[in-house]
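Numbering (the working numbering), first residue to last: 22 to 574.
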């Protein structure tokens, strides 16, 4: 961590050097002394320090400077570092102005020039300033910093992306004093958010996920052009395949469009996964799997959107959105599924502003003492209901069925029943959403029709349906009517292999209609939608990849 700074500004080079020399001699071991020759130059230095999240202990400014005098500089510096102690360097003729300035800029001290000997006239003043600053210092902020609007969809997307990729960050709204200071330091206004400031002080305005990933240290480009195995998708199936592929000696790379973990990674607590009797959060499980895959040598790439799969001889070539490609002997498709969008009026316009798909755990603290509505009756919705019940005044679980029995695990049903402020609304659907800046009201209706009722609501989390992300496989890999990848016996018509299949064997159990391309987890037709089965299929797919590489090409 960088040392706290002491900044001195004087337009007289001789005086400026003398101040800096005396300060470094006495305080150089614990503080970084920064020298500037003008108020404007000093402000630029302070803005850079603010963006890097560093501390400033003391500011010393000469009173008489052209363009921007010392008082004007200190007044603007207060907006960036309000806790830094402020000292004005004055000549005897300026003492009256310095005394008056104590009230204008909350001046801590004025120091007469010359200050020799410094042991008597400079250091005692500085010691007092440093002690006062230590009592209430600016805290260094080494995390990524985000400034945005509370009800802004782009601001939410940035926060959600970082949170799901386990990148630590600090969130400031445009109404926060510190948020305003960061905007000032970056030369921006509240209209320019979201603003992202990296730990190194680099500023990004409304960045794309690919831009953000690069700047926060996530790997986005492959180290090679050709691999033994490419895994597409970073959910439990993909991470399982990456771990087993790399641990068994295959040159393995995993491609993830947004964040590893998939839907399971957003789960607040998974309690039926083998080996975790007390449960484990999706984020914890994802983090362990990531580290395990990396330990065995797998590459994990983020913000990689695959747009096409092509067959070129024995190579399987994946095309990225940016026009680049990567090739491999084999591919495992583990892209999982996404939550189905509700088509009720108003929901699309309020997405990211009170309406969310998935748990959106970043929003949980903001839901404190408010009503939260959750749509869905499967385990993911039940886990979310339990999670938000820790914050919300009341959690409303809206389901189309008559009960949770048909779609939710028994342990979750029992947990929900034991929480008094979780209310299940059976045979109910959301038919409209209303709000200006953010979600304000929902219209609910019985599934059999009838008159709708309106409820006040600022938070709606949707966990319905399962749509595979497989449009990019059109014309290459066979899928069922809903878009799930067909594999193994499901590809056979009678005893006949799928059209275009040229090998003298039937497709392996998890193999698609393209030899060497396998599917694992939720994206596979008729798969069991559970974390354990997804991990198991990822491991099984790797064993079939080995078999394919040895026998099946």
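No residue lacks a Cβ here, since even glycine has one placed at the ideal position from N, Cα and C. The structure presented is a predicted model; accordingly, all values stated were derived computationally and were not measured.
What does DSSP give as the partner residues of residue 329 in its beta bridges? 340
Run the CB neighbour count on residue 494, radius 10 Å, all protein chains shown included, and call it buried at 16 or more, exposed below. buried
Is the region 460 to 472 in contact with the region 428 to 444, if contact means three or more CB pairs nearer than 8 Å? Not touching, per the Cβ criterion.
My assumption, with CB atoms under 8 Å, is that residue 314 sits in contact with residue 260. Please give the rounded CB distance. 6 Å
Have a look at 127, 166 and 30 and flag the residue whose alpha-carbon is nearest the alpha-carbon of residue 73. 166
Are three or more beta carbon pairs between the region 318 to 328 and the region 225 to 244 nearer than 8 Å? yes
Residue 37, buried or exposed, once every other Cβ within 10 Å from all chains shown has been counted against 16: buried
Using the three-state DSSP reduction, which class does residue 568 fall into: helix, strand or coil? helix
Using a Cβ distance threshold of 8 Å, determine whether the region 212 to 230 contacts the region 511 to 527, with at least three qualifying pairs required. Output reads no: the region 511 to 527 does not touch the region 212 to 230.
Which first and last residues belong to the beta strand (DSSP E) in which residue 464 is found? 462 to 467
CB-CB length for residue 263 against residue 358, believed under 8 Å: Rounded, the Cβ-Cβ distance is 19 Å, inconsistent with contact.
Which residue or residues does DSSP assign as beta-bridge partners of residue 489? 358
Could you spell out where the alpha helix (DSSP H) holding residue 223 opens and where it closes? Element bounds for residue 223: n/a, residue is neither H nor E.
Within 10 angstroms of its Cβ, does residue 50 collect 16 or more other Cβ (buried), or is it exposed? exposed
Touch check for the region 59 to 77 and the region 198 to 216: three-plus C-beta pairs under 8 Å? yes
With which residues is residue 235 paired in a DSSP beta bridge? In DSSP, residue 235 forms no bridge with anything.
Across which residues does DSSP place residue 444 in a beta bridge pair? Bridge partners of residue 444: 417.
Applying the 10 Å Cβ sphere with the 16-neighbour rule, what's the burial state of residue 333? exposed
8 Å contact criterion, which residue 541 and residue 258 should meet: CB distance rounded: 4 Å
When DSSP labels each residue in this structure, what does residue 249 get in the three-state scheme? strand
Whose C-alpha, out of 77, 57 and 422, is nearest the C-alpha of residue 26? 77
Does the separation of the CB atoms of residue 397 and residue 484 fall below 8 Å? A distance below 8 Å separates the beta carbons of residue 397 and residue 484.
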